[in-house]
Every structure is written in C-alpha cells, then in structure tokens.
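Visitor: With our numbering as the guide, the letters of the sequence shown map in order to residues 2 to 375.
C-beta: ideal position from N, C-alpha, C; glycine also.
Following this message is one structure expressed as structure tokens.
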Amino acid sequence: MRIAIAGGGLGGLTLARILHRHGIDAVVYEREASRSARSQGGTLDLHPESGQQALAEAGLAGRFRSKARPEGEEHRILDPTGRTLVHHKPQPGSFSGRPEIDRSALRDLLLDSLAGNTVVWRHRLVAATPRPGGGWELTFDGGHRTACDILIGADGARSVVRSLLTDAELSYVATFVELTINDVDRRHPDLAELVGPGNLWCVGVNQILAAQRIGDGSVRVGISLRADDRPIDAYRSKRALLDIFGGWDPRLTALIEAGDSTPTLRRIEAMPTGTRWASRPGVTLIGDAAHLMPPVGEGANQAMLDAAELAGRLAANPADPDSAIRTYEEAMFTRTHPIAEMSARVQAMMLSPTAAEGIVRFFTARPAEPASAD
C-alpha cells in the first residue's frame with residue numbers, strides 16, 4: 002500500500018508519524034525547499050481534545066511539553082483607548098489548558114520524529130491522474146512523476162487534491178496583515194510589557210490589531226480587516242496601516258510603527274460550511290484541504306485530529322483502505338461541520354461594529370484562550 006501525502010504541514014506530518022507508529026510507510030511530498038525555507042508564522046494554542054490528543058497518539062506528548070509555553074495562554078483584550086476589557090492569566094506552569102507553541106517548533110518536532118527519507122522536498126503537486134488498475138499517477142512541478150495507491154491531500158487552502166473530490170469554491174472573508182518586531186524586550190521594552198507573555202487583542206470597529214509573543218523573543222503583530230473591494234496592495238505600507246487606525250491610543254499603534262519587516266499580506270478565505278463529497282477510491286483530504294475555516298483557533302487542531310483519526314482507520318482496516326477512508330470521512334464531516342459554523346460566526350463577530358461587546362460576552366460566558374492565527 003503506497004501512500005502519498007501531498008503537503009508537509011502540521012496535518013501531513015502528523016499523519017505520516019502516526020502511520021509510521023502503526024507500521025505503515027508513507028511519503029510526504031512538500032513544495033518547500035527545506036524546513037527553513039520560509040517563516041512558519043506565529044504560535045498555536047493546542048487543544049486537549051484535538052491537537053494534543055493527536056500528539057499523544059503520535060507518541061510526542063512529552064516532547065511537546067518540553068517545547069510548549071503555558072504562560073503563552075495569558076491574553077488581554079483592549080479597546081482602542083487602551084482600556085482592558087478581558088485579562089486572562091493561566092495557572093503558572095500548568096498544561097491543563099491550551100498551551101501555546103510556536104508553529105516552527107511544532108513542525109520541527111514532527112519532522113524530527115520521522116525517518117530522514119519520509120519528506121521529499123521541492124515537490125509541488127500539480128496534477129493527479131487515475132491509473133487504469135487503481136491508484137494515482139502524480140505529476141510535480143518540473144515534470145517529475147511517481148505513482149501511489151492512496152493519495153491524501155494535506156495541501157492546504159489551495160489544495161490540488163481537493164479538485165478530485167469537490168468543486169467547492171473558496172470565499173473571501175477577511176484581509177490579514179502581519180509584521181514582526183524582533184528582540185522586543187531589549188529594543189522595545191514598553192511594547193514587550195504591553196503584549197505580555199501571550200496574546201494581546203485591540204478590538205475596534207470592523208478591525209483588530211493583535212500581537213503575540215514568539216519563543217525567539219520577537220512579537221508577531223497581526224491586523225485583521227473586513228473583506229472589501231480595495232486591492233490588497235492598499236495595505237502594503239505602514240503609513241496606510243496607521244491611517245486605518247487613526248484615533249487609536251498611540252501606545253497601541255506603536256506596535257505597527259515598531260515593525261521591522263515589510264507588511265506581509267494575505268486574503269483570508271474559507272470553504273462553504275458543511276462541504277461534503279462522495280467518497281472516491283484511493284483519495285481523501287485532511288485539514289484545510291478538507292474544511293478550510295476562518296483562522297480563529299481550530300484549523301491546525303482539526304488538521305492534526307483528522308490525521309490521527311485517518312491513520313487510526315487505515316491501521317485498523319489495512320485490507321480495505323477504501324472502507325477505512327469512507328468511515329473516516331463520515332466521522333470527519335460530522336465533527337467539523339459545527340466547528341466550521343462556529344468559526345464563521347466568531348470571525349464575523351470579531352470584525353463587526355460591535356466586536357468588543359461580542360468578544361467580552363464570548364469570553365465571559367466561555368472562558369477560553371483567544372485564537373492564534375492558523
């Protein structure tokens with residue numbers, strides 16, 4: 002049973018690791034040139050019932066604890082004047098909640114748990130064609146080809162594998178702008194104190210200015226704006242961003258001014274909630290390829306849980322992988338539908354005219370950690 006996993010993100014690597022623990026080999030094809038080819042983004046809060054459960058099944062719970070930062074659960078939510086609306090402090094040293102971990106550290110942890118030849122770098126899948134006797138012929142950028150019996154799409158928002166199963170179209174839900182402040186404790190101690198050890202959200206009308214502490218001593222600044230008709234390049238300069246937050250407390254907008262990097266821009270998209278497909282032999286999806294949601298804290302967690310559940314099904318029924326895939330898909334559809342609906346509601350609430358009131362109600366009624374962009 003030759004298994005090909007398209008995509009070496011957290012979901013694909015978790016899947017390869019758990020399959021390996023069950024004695025099932027898989028090859029991960031990743032478009033990046035190496036693990037350090039690009040920044041992996043900010044931090045993630047791993048949930049006990051999903052991301053942490055998947056790591057336990059991968060045999061990596063202990064290593065996760067050595068890399069995670071429980072203090073990163075601390076968060077404050079402010080209004081544009083700098084007034085504190087919510088302030089959550091976790092119990093010192095406790096792993097009972099949703100400890101934060103840098104995405105890069107988590108990815109490295111997974112990569113280091115795999116045999117050296119598991120991940121094939123510089124292989125961007127561009128097409129998959131059914132083979133007459135079953136399985137798939139895979140074509141990669143540059144023309145290289147190979148074959149597999151089972152193809153698993155862990156290739157993210159712009160999944161190539163998804164088109165084999167559904168024609169669901171993505172919708173544009175928000176614009177996200179990111180900057181980085183390096184060596185923040187030494188260079189900007191006032192901003193280091195403002196952000197604290199975890200997450201800071203400054204919530205206005207239809208816009209959020211957020212910051213989160215990264216394990217390397219930097220702060221990642223994220224700006225979320227409602228989807229609109231303006232070209233995304235309109236947000237490419239700090240001056241344009243500062244204009245958007247005109248009238249806000251200068252202590253907050255100083256996060257933008259201190260950014261060392263050129264603003265990085267991306268459109269936030271989502272699949273229609275409730276997307277399903279008719280099962281097809283030898284192919285399935287996990288993570289954003291299967292159920293792309295707004296980034297409110299569930300994406301990476303659900304991708305890793307998808308991986309654990311699919312690996313478990315394949316290991317339990319190796320003689321009939323198509324049946325294992327069908328069983329996995331039905332359970333995944335049922336599990337992720339309400340989570341996708343919740344994510345859409347939270348995303349709309351966070352970028353609404355009454356976001357501050359809505360967020361305070363949300364965290365007062367259900368104490369939890371704010372989402373890390375995923």
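With V127 as the anchor, note down where its beta strand (DSSP E) starts and where it stops.
Guide: In the sequence shown, residue 127 corresponds to position 126, counting from 1. 126-131 is the extent of the beta strand (DSSP E) around V127.
Visitor: Within the chosen definition, does the stretch 344-364 reach the stretch 198-215 through at least 3 CB pairs nearer than 8 Å?
Guide: The stretch 344-364 is in contact with the stretch 198-215.
Visitor: Is L16 near A320, with beta carbons less than 8 Å apart?
Guide: Within the sequence shown, residue 16 is the residue found at index 15, counting from 1. Within the sequence shown, residue 320 is the residue found at index 319, counting from 1. Contact flag unset, no.
Visitor: Apart from the five residues just before and just after S219, which ones in its own chain have a Cβ nearer than 8 Å to its Cβ?
Guide: Start at 1 with the first residue of the sequence shown, and residue 219 comes out as number 218. Closer than 8 Å at the Cβ level, and outside the excluded window around S219, lie T181, I182, N183, D184, V185.
Visitor: Please list, in chain order, all residues of the same chain as L306 whose beta carbon is under 6 Å from its beta carbon, the five residues on each side excluded.
Guide: Here residue 306 is taken as the residue at index 305 of the sequence shown, counted from 1. Around L306: S51, A55.
Visitor: Among W122, L126, L152, G144, which has the Cα closest to the Cα of G135?
Guide: Along the sequence shown, read from residue 1 onward, the residue named residue 135 stands at position 134. The residue with the shortest Cα to Cα distance from G135 is L152.
Visitor: Do the stretch 170-178 and the stretch 266-276 touch if we need at least three Cβ pairs shorter than 8 Å?
Guide: Output reads yes: the stretch 266-276 touches the stretch 170-178.
Visitor: Run through DSSP, which three-state label would D186 get?
Guide: Within the sequence shown, numbered from 1, the residue matching residue 186 stands at position 185. Three-state DSSP puts D186 in a helix.
Visitor: Threshold first: 3 residues or longer. Then list the beta strand (DSSP E) segments lying entirely within the stretch 202-274, N to C.
Guide: DSSP runs (the beta strand (DSSP E)) wholly in the stretch 202-274: 208-214, 220-227, 265-271.
Visitor: Return the chain-ordered list of same chain residues with a C-beta closer than 6 Å to the C-beta of L226, the five sequence neighbours on each side being excluded.
Guide: Indexing the sequence shown from 1 puts residue 226 at position 225. Within the same chain, L226 has close Cβ partners T176, Q208.
Visitor: What is the rounded straight-line gap between the Cα of T335 and the Cα of V162?
Guide: Indexing the sequence shown from 1 puts residue 335 at position 334. Indexing the sequence shown from 1 puts residue 162 at position 161. Those two C-alpha atoms are separated by around 21 Å.
Visitor: Kindly indicate the opening and closing residues of the beta strand (DSSP E) around R77.
Guide: The residue you call residue 77 lines up with position 76 of the sequence shown. That run of the beta strand (DSSP E) goes 76-79.
Visitor: Classify H292: buried if its beta carbon has 16 or more other beta carbons within 10 angstroms, exposed otherwise.
Guide: Here the question's residue 292 lines up with position 291 in the sequence shown. When all chains shown are included, H292 counts as buried.
Visitor: Bridge partners of Y173, per DSSP?
Guide: Residue 173 sits at position 172 when you count from the first residue of the sequence shown. DSSP lists E270 as partners of Y173.
Visitor: Could you tell me the boundaries of the alpha helix (DSSP H) in which H23 lies?
Guide: Within the sequence shown, numbered from 1, the residue matching residue 23 stands at position 22. Neither: H23 is in no alpha helix (DSSP H) and is coded neither H nor E.
Visitor: Answer with buried or exposed for P91, where buried requires no fewer than 16 other C-beta atoms within 10 angstroms of its C-beta.
Guide: Along the sequence shown, read from residue 1 onward, the residue named residue 91 stands at position 90. Buried is the call here.
Visitor: Please list, in chain order, all residues of the same chain as F65 whose beta carbon is under 6 Å from its beta carbon, the five residues on each side excluded.
Guide: Position 64 of the sequence shown, counted from the first residue, corresponds to residue 65. Answer for F65: L56, listed in chain order.
Visitor: Quick one: using the 10 Å Cβ neighbour count with 16 as the cut-off for buried, is G247 buried or exposed?
Guide: Counting from 1 along the sequence shown, the entry for residue 247 is found at position 246. Exposed.
Visitor: With a Cβ-Cβ cutoff of 8 Å, do S172 and A259 count as a contact?
Guide: By one-based count along the sequence shown, residue 172 stands at place 171. By one-based count along the sequence shown, residue 259 stands at place 258. Against a cut-off of 8 Å, the Cβ pair of A259 and S172 comes out as no contact.
Visitor: Rounded to a whole number of angstroms, what is the C-alpha to C-alpha distance between L242 and Y236?
Guide: Translated into the one-based positions of the sequence shown, residue 242 becomes position 241. Translated into the one-based positions of the sequence shown, residue 236 becomes position 235. Going by the C-alpha atoms only, they are around 6 Å apart.
Visitor: Can you give me the start and stop residues for the beta strand (DSSP E) that V161 sits inside?
Guide: Here the question's residue 161 lines up with position 160 in the sequence shown. Here V161 belongs to no beta strand (DSSP E), and DSSP marks it neither H nor E.
Visitor: What whole-angstrom Cβ distance do A357 and L45 have, given they're in contact under 8 Å?
Guide: Within the sequence shown, numbered from 1, the residue matching residue 357 stands at position 356. Within the sequence shown, numbered from 1, the residue matching residue 45 stands at position 44. Going by Cβ atoms, the distance from A357 to L45 rounds to 25 Å, so no, they are not a contact pair.
Visitor: Alpha carbon to alpha carbon, what distance is there between G9 and P296?
Guide: As a first step, residue 296 must be located in the sequence shown, where it is residue number 295. As a first step, residue 9 must be located in the sequence shown, where it is residue number 8. Answer to the nearest angstrom: the Cα atoms are 19 Å apart.
Visitor: For I287, which of helix, strand or coil comes out of DSSP?
Guide: As a working mapping, residue 287 is identified with position 286 in the sequence shown. It is coil, neither helix nor strand.
Visitor: What number of angstroms, rounded off, separates the C-alpha of T365 from the C-alpha of V87?
Guide: Numbered from 1 along the sequence shown, position 364 holds the residue referred to as residue 365. Numbered from 1 along the sequence shown, position 86 holds the residue referred to as residue 87. Spanning the two alpha carbons is a distance of roughly 8 Å.
Visitor: Just mark N200 as buried or exposed, buried being the case when its beta carbon has 16 or more other beta carbons within 10 Å.
Guide: If you number the sequence shown from 1, residue 200 lands on position 199. With 16 or more other Cβ atoms within 10 Å, it is buried.
Visitor: Would you say A290 and S164 are within 8 Å of each other, going by their C-beta atoms?
Guide: As a working mapping, residue 290 is identified with position 289 in the sequence shown. As a working mapping, residue 164 is identified with position 163 in the sequence shown. Not in contact: A290 and S164 (Cβ atoms no closer than 8 Å).
Visitor: Using three-state DSSP, classify R146 as helix, strand or coil.
Guide: For the purposes of this step, residue 146 is taken as the residue at position 145 of the sequence shown. Strand, per DSSP.
Visitor: Classify T85 as buried or exposed, calling it buried when 16 or more other Cβ atoms lie within 10 Å of its own Cβ.
Guide: The sequence position of residue 85 within the sequence shown is 84, counting from 1. With fewer than 16 Cβ atoms within 10 Å of its Cβ, T85 is classed as exposed.
Visitor: Is the number of C-beta pairs between the stretch 100-109 and the stretch 271-286 that are closer than 8 Å three or more?
Guide: Output reads no: the stretch 271-286 does not touch the stretch 100-109.
Visitor: Would you tell me roughly how many angstroms separate the C-alpha atoms of L110 and R18, rounded to the nearest one?
Guide: Position 109 of the sequence shown, counted from the start, is the residue given in the question as residue 110. Position 17 of the sequence shown, counted from the start, is the residue given in the question as residue 18. L110 and R18: Cα-Cα distance of roughly 11 Å.
Visitor: With a CB to CB cut of under 6 Å and the five nearest residues on each side skipped, what residues in its chain are close to A27?
Guide: As a working note, residue 27 is residue 26 in the sequence shown. For A27, where only same-chain residues beyond five positions count, the Cβ hits under 6 Å are I4, I6, A17, L20.
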